[in-house]
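Here the structure is laid out as structure tokens; the discussion comes afterwards.
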Amino acid sequence: QVKLVESGGGLVQAGGSLRLSCAASGSGFRINTMAWYRLVPGKQRELVAAVNSDGNTNYTDSVKGRFTISGDVAKNTVFLQMNSLKPEDTAVYYCKARTLFKNDYWGQGTQVTVSS
443 QVKLVESGGG LVQAGGSLRL SCAASGSGFR INTMAWYRLV PGKQRELVAA
493 VNSDGNTNYT DSVKGRFTIS GDVAKNTVFL QMNSLKPEDT AVYYCKARTL
543 FKNDYWGQGT QVTVSS
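Just so you know, we're using our numbering here: the sequence shown kicks off at 443 and counts up by one.
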């Protein structure tokens with residue numbers, strides 16, 4: 443079983459920055475990909491950014507140039523640096539880890555609120 447713990451959310455003014463952290467723990471697993479998703483009430487969950495064990499990253503278009511995903515998948519840790527935040531970035535952000543056997547595990551979510 444994999445447990446993910448996120449931290450770093452909060453309230454920030456538009457144009458500000460936040461850094462989210464996610465750490466996975468447990469035993470008997472090997473993570474291949476870690477990602478950040480966000481959820482706004484009434485909307486579909488959205489993939490924000492992902493990184494795999496080779497260090498390859500991808501971002502949704504709306505955050506390119508503003509957000510950076512980093513960390514070490516092999517060490518089960520990932521970060522999301524969010525700069526130039528906009529009110530439309532307000533959401534609950536979730537960390538997801540996918541193992542080599544394509545089992546997905548989710549964190550509990552952390553609220554990010556950007557005020558205008």
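Just so it is clear, CB atoms sit at the ideal spot from N, CA and C, and this is done for glycine as well.
Model, not experiment: these values are computed from the prediction.
Verify the contact flag: Ala477, CB atom, against every heavy atom of the ligand FMN, threshold strictly below 6 Å.
-> Questions concerning the ligand FMN fall outside what the structure shown contains, since it holds no ligand whatsoever.
To the nearest whole angstrom, what separates the beta carbons of Val493 and Ile511, a pair I think is in contact under 8 Å?
-> 5 Å
Residues bridged to Glu448 [DSSP beta-bridge criterion] = Cys464
Cβ of Gly468 within 7 Å of Cβ of Val554?
-> no
Could you give the uninterrupted runs of the beta strand (DSSP E) lying entirely in the region 450 to 519, keeping only those of 3 residues or more?
-> 452 to 455, 460 to 468, 473 to 481, 488 to 494, 499 to 501 and 509 to 514
Is the region 498 to 512 close to the region 541 to 554, with three or more CB pairs under 8 Å?
-> no
Beta-carbon proximity check, Leu446 vs Ala539, cutoff 7 Å = The answer is yes: Cβ separation under 7 Å.
Taking the CB atoms as reference points, tell me whether Ala477 and Asn518 lie closer together than 7 Å.
-> no
Neighbourhood of Ala516 by C-beta, 7 Å cutoff - its chain only, sequence neighbours within 5 removed | Ser495
Closer than 7 Å by C-beta to Leu453: which residues in its own chain qualify, once you throw out the five before and the five after it? Chain order, please.
-> Thr555 and Ser557
Counting along the chain, where does the beta strand (DSSP E) carrying Asp546 start and finish?
-> Asp546 to Trp548
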